[in-house]
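Numbered by the working numbering, the letters in the sequence shown go through residues 436 to 529 in order. Built from N, CA and C at the ideal position, the CB exists for glycine as well. Heads up: the structure comes next, in structure tokens.
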Amino acid sequence: MTTEYSIADAKNRLPALVHMAERGEVVRITRRGRPVAVILSGEAYNHLADGLRPGVWEVIQSFQERHQADMTEFMDFDLEDLRDRSTGRDAAWQ
436 MTTEYSIADA KNRLPALVHM AERGEVVRIT RRGRPVAVIL SGEAYNHLAD
486 GLRPGVWEVI QSFQERHQAD MTEFMDFDLE DLRDRSTGRD AAWQ
């Protein structure tokens with residue numbers, strides 16, 4: 436069950452809203468009639484957070500941890516030889 440309160444009402448009723456969330460209710464906070472925040476139980480939050488996919492940074496860190504030895508060898512590799520040193524195509528401005 437979801438109930439809605441304005442920010443002003445939520446400010447005045449915060450302890451009661453937290454108790455509602457602890458009982459499993461979802462409390463939506465609105466500003467000028469538009470939803471801006473949600474209060475939910477810690478258990479519900481943990482359930483949602485466990486299902487989140489990792490972000491880009493977490494994926495990069497995980498990759499680096501798994502391939503640390505491979506990355507060291509790659510970093511020692513001379514990358515300058517791979518650079519294309521041609522001047523590129525002519526850009527004719529009219």
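- Across the structure, VAL494 and GLU500 are spaced so that their CA atoms are roughly 10 Å apart.
- Shown here, ARG463 sits in a strand according to DSSP, grouped into three states.
- An exposed status is given to MET436, since fewer than 16 other beta-carbon atoms sit within 10 Å of its beta-carbon.
- Checking the DSSP bridge columns, you'll see VAL494 has no partner listed.
- Contact annotation: VAL491 and ILE474 have beta-carbon atoms that are not nearer than 9 Å.
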